[in-house]
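In terms of mature numbering (1 follows the signal peptide of the UniProt record, and there is no 0), the sequence shown is residues -18 to -1, 1 to 73.
All residues carry an ideal CB built from backbone N, CA and C; glycine is no exception.
All values derive from a computational prediction rather than experimental measurement.
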Amino acid sequence: MKKIILIAALGVAGLVSAKGAVDNKLENPNEKKEIKEEKPVQTCGVVITYWSGGQVVGQQTVTSDQPNLESCQKWQNGIKFALQIAGYWVV
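Here it is in structure tokens:
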């Protein structure tokens, strides 16, 4: 029993000391760091309402993140065009 406790204690001590050795990293001040600039985005969406016989039979919202208003409008026109190609009447 004493041998098992001794082995377990040595194992834990070894893991603790190994972890400390891995965490100690030196940074080179001459090394160039890559900085990622996040471009602001806005959520752009289209609400699709499905009608049949003058009654609303369904509704769907499709969204996308776009960088500016112009690309948002182009994305919306693409959605409308895709619906027209699929055979839906778009207003």
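- Here Gly69 carries a coil assignment [DSSP, helix/strand/coil].
- Nearest C-alpha to Gly40 among Asp47, Ile30, Gln48: Ile30.
- In the three-state scheme derived from DSSP, where H, G and I count as helix and E and B as strand, Ile30 is classed as strand.
- Per DSSP, reduced to three states, the secondary structure at Gly60 is helical.
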